[in-house]
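Sequential numbering of the sequence shown, starting at 1, is according to the UniProt record's numbering.
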Amino acid sequence: MKLILTADVSGLGAPGDIVEVKDGYGRNYLLPRGLAIVATRGAQKQIQVITRAQDTRRVRDLDHAKEIKTALEGLSVTLKAKAAAGSTKLFGSVTASDVAAAVKSAGGPVLDKRAIELPGHIKTTGKHSVTVRLHPEVTLTLPVVVTSSAE
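As structure tokens, then:
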């Protein structure tokens with residue numbers, strides 16, 4: 001199935017790219033979520049509009065991503081989670097939205113949870129490194145300290 005991406009899909013492409021995917025992936029995932037449209041002649045014209053708009057935004061977004069990166073570099077993020085008494089094991093795990101909320105409460109900028117990549121499941125207290133992708137060219141490793149919350 002030939003599709004035109006309307007949003008950035010990791011491992012597949014950027015908005016405006018024409019991709020060939022399996023029918024089920026396109027029909028059941030990409031199309032219902034609005035991440036792609038079916039490639040037709042009319043849609044091909046939309047590609048030009050999408051790419052033009054993207055080119056104008058790309059420079060501004062790159063500069064903005066660099067500003068956010070400098071704001072995040074000096075930030076110390078501490079996250080409180082429920083843990084067993086006297087143990088380092090958490091009840092549940094830390095999610096990307098938990099990290100985004102902790103960054104905001106630490107005085108940092110508002111981050112999209114989809115930009116945060118966890119190194120697997122964080123299920124223990126201590127210091128963990130989290131990758132934040134602000135732009136395809138701008139990434140940063142953010143240290144997050146997970147502490148036990150007293151109940």
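Glycine residues also receive a C-beta, built at the ideal position from the N, C-alpha and C atoms.
Output yes or no for whether 7 Å exceeds the beta carbon distance between residue i and residue j.
i	j	result
Gly13	Leu3	no
Val144	Val130	yes
Lys69	Leu140	yes
Ala102	Lys113	no
Thr125	Ser148	yes
If you draw a straight line from the alpha carbon of residue i to that of residue j, how long is it in whole angstroms?
i	j	result
Asp61	His135	7 Å
Thr78	Val110	16 Å
Glu137	Asp63	11 Å
Ala100	Ile116	8 Å
Met1	Ala65	34 Å
Gly34	Ser87	44 Å
Arg27	Ala7	16 Å
For the beta strand (DSSP E) that contains residue i, what are its first and last residues?
i	result
Val19	18-20
Leu31	Premise fails: Leu31 is in no beta strand (DSSP E) and is neither H nor E.
Leu12	Leu12 -> no beta strand (DSSP E), and no H or E assigned at all.
Checklist entry - Curious, which full-length alpha helix (DSSP H) runs of at least 4 residues does the region 34-75 contain? => result 41-73
Item to check | Uninterrupted alpha helix (DSSP H) stretches inside the region 71-137 (no shorter than 4 residues) | outcome: 96-105
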